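Trainee: Each protein sequence line maps, in turn, to chains A and B.
Per the numbering used here, the first sequence starts with residue 1, numbered consecutively.
Per the numbering used here, the second sequence starts with residue 1, numbered consecutively.
Even glycine gets a Cβ: it sits at the ideal position worked out from N, Cα and C.
Every value quoted in this text rests on a predicted model; they were computed, and no experiment measured them.
This is the structure I have questions about; it appears just below.
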Amino acid sequence: MFTGKRYQNVQNVWLIGLSLIIMAGGCSEKAKNPVGFGLWDDEGHWQVHQLVSQTVLADSSFHVSRGTGIGPYLLVGSYEGQEARSLLSFEEGLPDTLDRPLTAVTLNLIAYSQVSDDSILISAYPLHTPWSDSSATWESPWTTAGGDYEADPIAEGYFATAGGLQFQIELNTAGVELVQGWLDGQPNYGIMLKSNEQEDDHLKYFYSEDTPYYPYLQMIFTSQDSADTIMVDSKKDTFIAEPVPLPGEDLLLVSDGHVARTWLQFDISAIPESSFINLAMLSLSVSEFRDPLDNMSIRAYPVSDRHTLSYETSPSATANLFPGRELVEFNITTLAQDWVTGTENLGILLRPYLEYSSLSQVLFYSSSADSAHRPSLKIVYTIRPEDALASCRGKQGAR
Amino acid sequence: MTIHGFIAPGKAVPSAAVGRLTAVLSLLLLFSLTAPLWTAGPLAGSIFSAYGLGEMITEGDARLHGMGGTGLALTGNSSGSLINPALLGGLKFTGVTFTSRPEALYVRDEENDNVLTSARIMNFALCLPLGRGVGVSLDLRQLSDMKFKSYQETTFFDEPYTKMIARTGGLSMVSIGLAESFGNRLFVGLRGGYVFGRTTESRSGDFEDGDFRDSRTFSDRRHAGTQLTAGLAVKISRNFSAGAFITPAYDVQQDETRSSSFTKAVIEERTLSFPVKYGFGMAYRSGSQFSGQIDVITTRWADFTTDDQTVPGYRDAIRLAVGGQYQAVQENTRSYLRRIPLRLGYAYEPWYQKTSDGASITGHFLTLGLGLPFSRGGAVLDAALELGWRGNVSSAGAKETIVRGYISLWGFEPWFQRKK
């Protein structure tokens with residue numbers, strides 16, 4: 001049976017095929033192998049240590065006095081006793097020549113969100129003092145904190161999102177005369193929107209001129225036989241928020257609206273140079289948190305100048321806060337690695353992700369608090385193998 | 001046409017028992033050679049390639065490995081020339097071959113066991129007889145192999161953590177051999193080769209939690225050097241022959257690029273001084289059916305240095321191997337099975353580096369082999385099965401039981417032969 005030529009040829013093909021299959025066998029990656037790890041006498045490569053530092057070199061909070069003009073929202077109302085008012089200016093875009101009298105003016109805004117569905121009475125007042133959206137605050141530039149405005153409103157209206165997101169109020173006769181005065185060249189300091197219902201947490205968010213849903217005035221010029229309507233967009237607007245006092249030394253504040261930031265600096269000098277940082281987690285215990293939208297995002301930035309507390313443009317970490325959260329953690333592994341490898345450790349700065357956009361604030365326990373609540377920085381790091389081996393040899397030599 | 005040596009003209013000795021034995025051995029061999037296909041282990045070689053330069057490959061084709069890796073004195077055939085360049089002088093036909101080595105290893109240490117599989121092409125060779133007893137060869141061969149991967153799971157500060165090691169790569173050599181026979185009894189040869197290859201070594205520490213960054217170290221080593229081997233073989237009598245070779249110490253330049261999570265990339269150059277290696281073998285042939293060989297090969301690994309610094313733990317390795325072949329009849333019979341040569345061998349093979357605890361690692365290998373002629377004199381598929389045991393769990397930290405196959409495909413053509 002093994003002598004036929006045909007069989008011989010078939011057998012040859014079979015043998016060659018088998019050879020190729022066998023050579024290809026085992027050429028694909030398969031499962032991991034646990035055997036023989038102990039043959040490798042090199043524990044120096046896995047010397048993992050942990051440092052939990054509560055040694056704070058500096059921790060403090062400070063206010064940033066700057067206008068809120070760069071924010072996307074205009075806030076009107078109050079939240080947790082803190083009031084916000086909005087300022088709007090319509091200097092640009094007013095018609096130059098008028099051949100018909102101004103007969104009606106309406107103010108139009110688009111709402112973003114609200115704290116509650118309750119309606120709120122919003123009033124508009126003429127402003128007396130020139131202001132800038134990049135510098136106006138609750139205290140500045142006014143003679144009276146909270147803004148210099150006429151006692152009598154030029155428009156009033158209730159607003160609730162249940163009726164739609166557009167808020168439109170018609171200016172009264174005094175309001176129309178005010179705008180007519182602007183058209184006639186009289187001083188134009190804009191208007192303020194405020195709510196007098198401060199006992200409830202009624203806070204409304206309207207889109208600012210920095211968004212596609214900017215506020216505008218609708219002006220109607222009427223003659224005997226026709227009427228013209230002109231829209232004038234707001235080119236300058238902002239909101240001002242009642243100040244939030246800085247807390248005592250056992251608390252740290254990060255707040256939006258009336259902006260407060262916190263600076264923290266830990267001592268991590270115990271970590272050997274050239275260590276590899278596996279994880280650096282900054283933990284802060286929350287004492288109090290409030291946000292009209294129940295969601296606050298905080299970013300941690302590397303401080304670049306300890307005197308001015310200026311900081312790098314790229315954040316090291318972001319953490320989100322929401323009601324009920326007692327501990328906030330920031331993963332600053334990359335930043336800690338930079339500190340270990342030579343970048344000077346000037347600490348980190350905590351600030352709201354979007355400053356000037358809400359009335360949120362969080363109070364963290366500071367280093368003056370008890371050990372269970374004070375800030376801590378946990379760093380898990382791996383010692384460079386060469387250093388670990390040298391350390392082992394040193395210990396062996398000492399025996 | 002004679003393909004291999006020791007198949008001298010003679011009267012056929014038909015035997016049904018030999019045929020049955022050959023058939024059973026064939027099936028056993030082919031079944032074993034497919035081990036990497038039906039075992040489900042990870043891709044890895046010897047776990048002892050965690051040490052030193054990796055596993056040193058015992059050179060030769062499947063024919064030699066079927067006889068324990070012996071062949072230093074196998075005059076008159078192509079296979080022996082792979083380990084002793086002097087044997088090129090006895091070639092009569094142009095030969096081309098390549099050898100594959102699939103293997104499956106059952107490995108265990110004090111805590112775990114596993115099955116590892118791998119397959120590699122060991123060599124490719126072209127042997128040319130130029131007439132008047134002169135032969136040349138061109139070959140590409142693997143000298144060493146690293147294929148060690150292992151991991152260990154642990155925890156650090158309650159975080160699951162995995163330590164991983166991987167060593168891969170190896171050294172290869174492309175070489176040219178030249179040999180001449182004097183009076184059909186004395187053979188002298190020389191082989192010069194360019195040694196090259198890349199090895200990598202990586203270690204990592206991986207936390208399961210994605211918030212953690214994992215540490216890494218990685219070494220990429222590239223090698224270049226030259227190696228020279230001189231060989232000698234003598235037909236002492238009609239039945240006895242002897243062979244020997246020596247590979248003097250040689251240097252290999254190693255360029256290492258080391259990168260890690262801890263420091264910037266570092267480039268280092270060093271010189272690896274490989275030690276002298278020499279071997280001696282004897283072969284005995286009884287008629288046309290039986291042959292037997294014994295080889296002893298010594299490598300003075302204790303002299304291995306890196307930048308002239310002795311490496312701790314290296315020890316001289318003396319490989320001892322014995323083997324033989326039986327072929328019932330010569331190729332002119334119509335019985336295919338009885339034309340198949342059967343081989344048997346044993347090798348004692350110590351590892352050249354001690355464990356980190358100073359223990360020696362030794363290996364014992366039993367080999368079986370056969371050759372399957374493709375056609376009457378044109379080509380042959382040699383196959384060998386090696387059963388090995390290496391290491392010891394208690395003393396060496398681990399033990400591996402090895403099932404290893406060798407497959408060589410030889411093709412022969414009468415190039416450069418003068419017509420009579």
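The alpha helix (DSSP H) spanning B:Arg63 covers which residue range?
Mentor: 62–65
Trainee: Name the residue from A:Ile383, A:Pro95, A:Ile230, A:Trp138 whose alpha carbon lies nearest to the alpha carbon of A:Ala270.
Mentor: If we check each option's Cα against that of A:Ala270, A:Ile383 comes out closest.
Trainee: Which residue's Cα is closest to the Cα of B:Gly192: B:Ser204, B:Thr58, B:Ala249?
Mentor: Among B:Ser204, B:Thr58, B:Ala249, the Cα nearest to that of B:Gly192 belongs to B:Ala249.
Trainee: Looking only at its own chain, which residues have a Cβ that is under 6 Å from the Cβ of B:Asp220, when we skip the five neighbours before and after it?
Mentor: Thr200, Thr257
Trainee: Ends of the alpha helix (DSSP H) at A:Ala174?
Mentor: 173–183
Trainee: Considering only the alpha carbon of each residue, which of A:Pro34, A:Leu346, A:Ser123, A:Phe62 lies closest to A:Asn196?
Mentor: Cα-wise, what sits closest to A:Asn196 is A:Ser123.
Trainee: Taking any Cβ of chain B, which residues in the region 310–343 of chain A have a Cβ under 7 Å from it, in chain order?
Mentor: Asn331, Thr333
Trainee: Beta-carbon of A:Val48 versus every beta-carbon of chain B: anything under 8 Å?
Mentor: yes
Trainee: Between A:Arg406 and chain B, is the shortest Cβ-Cβ distance under 8 Å, so that the two count as touching?
Mentor: In the structure as shown, chain A begins at 1 and stops at 399. Residue 406 of chain A is therefore absent and cannot be evaluated.
Trainee: With a threshold of 8 Å between beta-carbons, can A:Ile277 be considered close to chain B, or not?
Mentor: A:Ile277 has a beta carbon lying within less than 8 Å of a beta carbon in chain B.
Trainee: How is A:Trp263 classed by DSSP in three states: helix, strand or coil?
Mentor: A:Trp263: strand per DSSP, three-state reduction.
Trainee: How many angstroms separate the CA atom of A:Leu321 from the CA atom of A:Phe289?
Mentor: 8 Å
Trainee: Quick check on this structure: which residue in B:Asn392, B:Asp382, B:Gly411 has the alpha carbon closest to the alpha carbon of B:Arg101?
Mentor: It is B:Asp382.
Trainee: Whole angstroms are fine: how far does the CA of A:Thr318 sit from the CA of A:Ala336?
Mentor: Answer to the nearest angstrom: the Cα atoms are 15 Å apart.
Trainee: Exposed or buried, which one is A:Glu242 when buried takes at least 16 other CB atoms within 10 Å?
Mentor: buried
Trainee: If I measure Cβ to Cβ from A:Arg85 and keep anything under 7 Å in the same chain, skipping five residues before and after, which residues do I get?
Mentor: Val76, Gly146, Gly147, Met192, Leu193, Lys194, Phe239, Ile240
Trainee: Reducing DSSP to helix, strand and coil, say where B:Phe212 ends up.
Mentor: In the structure shown, B:Phe212 sits in coil (DSSP, three-state: anything other than H, G, I, E or B).
Trainee: Note the first and the last residue of the continuous alpha helix (DSSP H) segment covering B:Ala396.
Mentor: Here the alpha helix (DSSP H) through B:Ala396 covers 393–396.
Trainee: Using a Cβ-Cβ cut-off of less than 8 Å, list which residues of the region 253–274 of chain A approach chain B; keep chain order.
Mentor: Ser274
Trainee: Just how far apart, CA to CA, sit B:Asp64 and B:Asn84?
Mentor: The residue you asked about is not Asp; residue 64 of chain B is Leu in the sequence shown. The straight-line gap from Cα to Cα measures roughly 12 Å.
Trainee: Among the residues of its own chain, which have a CB less than 6 Å from the CB of A:Ser275, if the five just before and after it don't count?
Mentor: Val340, Tyr381, Ile383
Trainee: Compare the beta carbon distance of A:Leu121 and A:Glu156 with 8 Å and say whether it is the shorter of the two.
Mentor: yes
Trainee: Run the CB neighbour count on B:Ile236, radius 10 Å, all protein chains shown included, and call it buried at 16 or more, exposed below.
Mentor: exposed
Trainee: Based on Cα-Cα distance, which residue from B:Ser288, B:Met146, B:Val136 lies nearest to B:Arg167?
Mentor: By alpha-carbon distance to B:Arg167, the top candidate from B:Ser288, B:Met146, B:Val136 is B:Met146.
Trainee: Spatial neighbours of B:Val234 within its chain, please: C-beta separation below 6 Å, excluding the five flanking residues on both sides.
Mentor: So the qualifying residues of the chain are Leu186, Ala242.
Trainee: Name, please, each residue of chain A whose Cβ falls closer than 7 Å to the Cβ of B:Phe207.
Mentor: Asn278
Trainee: Which residue wins for smallest C-alpha separation from B:Val395, given the options B:Thr99, B:Ser172, B:Arg108, B:Ala62?
Mentor: Position check: residue 395 of chain B holds Ser in this sequence, whereas Val was assumed. It is B:Arg108.
Trainee: Determine the direct distance from the alpha carbon of B:Leu409 to that of A:Pro272, and round the result to whole angstroms.
Mentor: 58 Å
Trainee: Under the three-state reduction of DSSP, which class applies to B:Thr271: helix, strand or coil?
Mentor: strand
Trainee: For the region 111–175 of chain A, which segments carrying the beta strand (DSSP E) assignment without a break, of at least 3 residues, lie completely within its bounds, in sequence order?
Mentor: 120–126, 155–159, 166–170
Trainee: Going by DSSP, what residues sit across from B:Val134 in a beta bridge?
Mentor: According to DSSP, which records beta bridges pairwise, B:Val134 is partnered with B:Gly131, B:Glu180.
Trainee: For a quick check, are the C-beta atoms of B:Arg300 and B:Val276 less than 8 Å apart?
Mentor: yes
Trainee: Could you please tell me which residues of the region 313–327 of chain B, in chain order, have their CB closer than 9 Å to any CB of chain A?
Mentor: none
Trainee: If you draw a straight line from the alpha carbon of A:Tyr214 to that of A:Pro292, how long is it in whole angstroms?
Mentor: For A:Tyr214 and A:Pro292, the distance between alpha carbons rounds to 22 Å.
Trainee: Tell me, please, which residues DSSP counts as bridged to B:Trp410.
Mentor: B:Thr97, B:Val380
Trainee: Per DSSP, what kind of secondary structure is A:His45 in: helix, strand or coil?
Mentor: helix
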